[in-house]
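Have a look at the structure below before the remarks.
Chains as they are written, first to last, in my numbering: chain A, 1 to 133; chain B, 134 to 266.
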């Protein structure tokens with residue numbers, strides 16, 4: 001992902017189109033797809049859950065790598081994709097890099113996946129024969 | 134995705150591990166990644182938003198295809214991936230196939246991305262020099 005794309009992700013934090021309430025336009029869909037794609041990998045999901053659930057709010061990369069049967073560069077690549085998607089941030093301190101969740105992005109995803117209050121989705125009729133039009 | 138995998142997705146609806154509250158295990162991560170991967174494409178996100186936001190609760194594939202500069206088989210492939218992920222269901226009536234949202238899955242995703250009530254994520258100290266350990 002380019003730096004320009006990262007800036008676009010950052011700029012749209014305030015926008016929050018509802019995935020369930022109106023059709024997304026192409027730009028909204030492209031931007032959101034980048035974030036969901038970052039979540040679409042088991043290793044990245046485990047990394048994110050390890051970072052997000054850590055007491056103290058941040059995790060040293062040195063504590064993440066031993067949980068996986070993967071090389072340090074591979075783990076770093078996955079972390080880079082999570083960071084580029086705006087899901088985590090990092091800070092180098094001395095030898096190690098420390099990662100923390102950016103809850104704004106997970107809040108945003110939760111928001112767009114939440115049905116509007118008081119508006120249950122209508123269910124189609126259970127009988128179907130002859131109902132096509 | 135195999136039929137067996139689909140059944141696994143269906144069986145775990147009641148499980149809802151919190152992505153932000155505890156580290157996911159490998160099986161949970163693999164299953165969730167399948168769903169997020171299905172969302173990690175702009176065309177599929179647009180299709181899902183068109184289906185989810187449609188008054189009446191369902192959409193004919195004949196109303197979805199014209200919105201895209203893509204072939205009918207390509208659109209059908211994307212819809213198949215959304216269906217395999219448990220995000221939508223479909224029903225053939227006469228000539229056309231009708232799609233509807235399965236809100237259980239989007240509710241579930243929203244749930245695992247929502248921070249526990251009353252438990253704001255701790256923020257790391259803003260000063261970092263010499264804080265590594």
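Just so it is clear, CB atoms sit at the ideal spot from N, CA and C, and this is done for glycine as well. All figures in this text were calculated on a predicted structure; none of them were measured in a lab.
Ordered along the chain, which non-local residues of its own chain (more than five positions away) have a Cβ less than 8 Å from that of residue 59/A?
50, 51, 98, 99 and 100
Please name the residue, chosen from 81/A, 42/A, 112/A and 84/A, that lies closest to residue 240/B on a Cα-to-Cα basis.
112/A
Among 115/A, 27/A and 103/A, which one has its Cα closest to the Cα of residue 153/B?
103/A
N- and C-terminal bounds of the beta strand (DSSP E) containing residue 222/B:
221-226
Would you call the CB atoms of residue 92/B and residue 180/B closer than 8 Å?
With chain B represented from 134 up to 266, any question about residue 92/B goes unanswered, as that position is not in the structure.
Partner residues on chain A for residue 216/B, Cβ-Cβ distance less than 7 Å
Those do not exist, as residue 216/B stays about 15 Å from chain A at its closest Cβ, beyond 7 Å.
Alpha-carbon spacing of residue 114/A relative to residue 218/B, whole angstroms
18 Å
Any C-beta of chain A sitting closer than 8 Å to the C-beta of residue 212/B?
no
For chain B, find out if any of its Cβ atoms is closer than 8 Å to the Cβ of residue 74/A; answer yes or no.
no
Does any C-beta atom of chain A lie closer than 8 Å to the C-beta of residue 173/B?
yes
By the criterion of Cβ-Cβ separation under 7 Å, what are the contact partners of residue 165/B in chain A?
45
Taking Cβ-Cβ distances shorter than 7 Å, what residues in chain B pair up with residue 23/A?
179, 182, 183 and 186
At what residues does the alpha helix (DSSP H) containing residue 115/A begin and finish?
Neither: residue 115/A is in no alpha helix (DSSP H) and is coded neither H nor E.
Contacts around residue 87/A, its chain only, beta-carbon distance under 8 Å, and the 5 residues preceding and following it disregarded
35, 38, 39, 48, 101, 102, 105 and 106
Judging by CA-CA distance, which residue of 56/A, 23/A and 116/A is the nearest neighbour of residue 201/B?
23/A
Report the rounded CA-to-CA distance for residue 76/A versus residue 92/A, giving the unit in angstroms.
13 Å
Against residue 117/A, what residues of chain B qualify as contacts under a CB-to-CB distance less than 9 Å, listed in chain order?
Within chain B, no residue comes near residue 117/A; the closest Cβ sits about 12 Å away, beyond 9 Å.
Just to confirm, is the Cβ distance from residue 117/A to residue 243/B under 8 Å?
no
Please check if any C-beta of chain A sits within less than 8 Å of the C-beta of residue 236/B.
yes
Chain-ordered neighbours of residue 247/B on chain A, where CB pairs are closer than 7 Å:
110
In three-state terms, what does DSSP make of residue 233/B?
strand
Using a Cβ cut-off of 9 Å, pull out every chain B residue sitting near residue 70/A, in sequence order please.
Here the premise fails: no neighbours, minimum Cβ distance about 12 Å.
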